[in-house]
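The sequence shown begins at -1 in the numbering used here and counts up one residue at a time. Heads up, the beta-carbon is just placed ideally off N, CA and C, and yes, glycines get one too. Only a predicted model underlies this, so the values are computations on that prediction, with no experimental measurement involved.
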Amino acid sequence: ALNTLEEGMKNIAALYDAAAGRKVSAECGAGAAGGMGAMLSALLGAELTHGSAAVLNAVGFDALLGDTDIVITGEGQLDASSADNGKAVGEVVKRCAANSGGAVPVFIVAGRLGRGYEHIYEIANAGVFSTIVTDEQPSADGDCDAETRLRLASERMFRCIASSFSVNSQRSGRGMRR
């Protein structure tokens, strides 16, 4: 069944390429949403762009960073691909690192940490907190539900943030801006 589906996707990709007169099936984002990007590009001339970048641009994310002390974001599974491929968490981390007013620390709550999640540290000053303590063992609180795991990970994150800003405000004489 999987081979049949794969062959069908190859056939429709070839049709889109022929309709567009170019290899739209190879464009970044063409395979997203079951090939919807390729179809829209081939048949309607749509320009493919990473959704996360478009959304952050639409809300003026970069301008908001100017007066921001920290950014908190999340990801279902943080792994080597999280910083690339147009994923929202990667786009947020890159923009925080490149902020013209100075890098903004990023805190990430992830459902799971996959292979290569450490790559995010090469991009920005980030704190990573997982709802799953390890892959092999249940959390210290037993095998609890997702809501409890998220609450516990968030609590660990906010304790870290609070202690960091407590130390920094004592040194500088000021607290967080907002």
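Counting along the chain, where does the beta strand (DSSP E) carrying residue 72 start and finish?
For the purposes of this step, residue 72 is taken as residue 74 along the sequence shown, with counting starting at 1. Its beta strand (DSSP E) spans residues 69 to 76.
Whether residue 121 touches residue 95 by CB criterion (8 angstroms)
If you number the sequence shown from 1, residue 121 lands on position 123. If you number the sequence shown from 1, residue 95 lands on position 97. The answer is yes: Cβ separation under 8 angstroms.
If you draw a straight line from the C-alpha of residue 134 to the C-alpha of residue 111, how long is it?
Indexing the sequence shown from 1 puts residue 134 at position 136. Indexing the sequence shown from 1 puts residue 111 at position 113. The predicted position of residue 134 is uncertain, since its pLDDT is 48 and thus under 50; a value taken from the coordinates is nonetheless stated next. Using only the alpha carbons, I get a separation of about 12 angstroms.
For residue 77, is the classification buried or exposed, using 16 other Cβ atoms within 10 angstroms of its Cβ as the cut-off for buried?
Indexing the sequence shown from 1 puts residue 77 at position 79. With 16 or more other Cβ atoms within 10 Å, it is buried.
Residues in the same chain with beta-carbon distance under 8 angstroms from residue 39, minus the five sequence neighbours each way, listed in chain order, please.
Translated into positions along the sequence shown, residue 39 becomes position 41. Excluding sequence neighbours, residue 39 sits near 14, 18, 22, 25, 28, 45, 46.
Quick one: measure Cβ to Cβ for residue 74 and residue 82, integer angstroms, because I've assumed they're closer than 8 angstroms.
For the purposes of this step, residue 74 is taken as the residue at position 76 of the sequence shown. For the purposes of this step, residue 82 is taken as the residue at position 84 of the sequence shown. Incorrect: roughly 16 angstroms between the Cβ atoms, too far for contact.
Just verifying my parser: in three-state terms, what is the DSSP assignment at residue 108?
The residue labelled residue 108 in the question sits at position 110 within the sequence shown. Three-state result, residue 108: strand.
I need the straight-line Cα distance from residue -1 to residue 161, nearest angstrom please.
Here residue -1 refers to the residue found at position 1 when the sequence shown is read from its first residue. Here residue 161 refers to the residue found at position 163 when the sequence shown is read from its first residue. Using only the alpha carbons, I get a separation of about 54 angstroms.
Pull up the distance between the alpha-carbon of residue 125 and that of residue 11, whole angstroms please.
For the purposes of this step, residue 125 is identified with residue 127 of the sequence shown, where counting begins at 1. For the purposes of this step, residue 11 is identified with residue 13 of the sequence shown, where counting begins at 1. Per the coordinates, the alpha-carbon of residue 125 lies some 40 angstroms from the alpha-carbon of residue 11.
Can you tell me which of the three DSSP states residue 102 falls into?
Within the sequence shown, the letter at position 104 stands for residue 102. Residue state, collapsed to three classes: coil.
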